[in-house]
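Residue -13 is where the sequence shown starts when you use this note's numbering, and the numbers rise one by one after that.
Everything below concerns the one structure shown next.
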Amino acid sequence: MLFGKGNIGSRWLELFAREQSTLSARTGFEFVLAGVVDSRRSLLNYEGLDASRALAFFNDEAIEQDEESLFLWMRAHPL
């Protein structure tokens, strides 16, 4: 989950998109971006989001989400 899609969050998404496979290969862990959230909207997917797509289409595809709904979605995540 990325909370905040301002300057720093957007740069992190760019870096994650570029380095995700290298990071996974180096550590042996699969890193999955399950959500991107700003102060009012979110893109969420338990299966994972493509970081490049989330960065490019967040404004078009993100949905309004209140804090309680977001919390319940995260709590229900099938770890």
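Note that CB positions come from ideal geometry on N, CA and C, so glycine has one too.
These numbers come from a predicted model, not from an experiment.
Residue 58: first and last residue of the uninterrupted beta strand (DSSP E) it sits in: Residue range 53 to 61 is occupied by the alpha helix (DSSP H) that includes residue 58, with no beta strand (DSSP E) assigned at that position.
Candidates 58, 47, 37: closest to residue 7 by CA position: The residue with the shortest Cα to Cα distance from residue 7 is 37.
Rounded separation between residue 43 and residue 32 - CA only: Counting only the Cα atoms, residue 32 lies some 18 Å from residue 43.
Bridge-paired residues (DSSP) for residue -12: Residue -12 is bridged to 22.
N-terminal and C-terminal residue of the beta strand (DSSP E) that residue 29 is part of: Per DSSP, residue 29 belongs to the beta strand (DSSP E) from 27 to 30.
Top-ranked residue by Cα proximity to residue 16, from 55, 2, 27: Out of 55, 2, 27, the CA that lies nearest to the CA of residue 16 is found in 2.
Pair within 8 Å by beta-carbon distance, residue 40 and residue 9: No. Outside cutoff.
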